[in-house]
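Enquirer: In our numbering, the protein residues as written are 111 to 194. Can you keep this structure in mind? I'll have questions shortly.
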Amino acid sequence: MALDLPVKVKLLDKPSKRENFDPDNLLESIAKIWEGFNLGPKFDEYFWNIKSKIPPRQGLKSSAGICIAAFRALCDATDTEIEN
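This is how it looks when you write it as structure tokens:
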């Protein structure tokens with residue numbers, strides 16, 4: 111059985127019009143890791159927009175989905191390729 115629960119994270123150059131739901135500060139952690147490897151812009155130079163249909167804290171791996179989508183958004187925005 112498969113579930114259609116998409117997750118999309120975008121990088122923006124200005125604050126999102128709607129508030130992002132990130133109670134575990136995942137995006138802040140992703141930004142610190144990214145900056146720790148000197149892979150792109152500083153965290154205060156961009157903003158996040160999260161769209162997720164995965165209900166949080168229900169055992170459906172919403173945190174993993176957001177983290178992966180955030181890393182992909184950073185890679186796309188900075189033309190960075192990360193190997194396995």
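Heads up, the beta-carbon is just placed ideally off N, CA and C, and yes, glycines get one too.
#1: Can you give, in chain order, each stretch of the alpha helix (DSSP H) that sits fully within the region 136-186 and has at least 4 residues?
#2: If I measure Cβ to Cβ from residue 177 and keep anything under 7 Å in the same chain, skipping five residues before and after, which residues do I get?
#3: For a quick check, are the C-beta atoms of residue 164 and residue 121 less than 8 Å apart?
#4: Residue 115 bridges to which residues according to DSSP?
#5: Residue 166 to residue 113, Cα distance in whole Å?
Expert: Working from what's here:
#1: 136-146
#2: 136 and 140
#3: no
#4: According to DSSP, which records beta bridges pairwise, residue 115 is partnered with nothing at all.
#5: 15 Å
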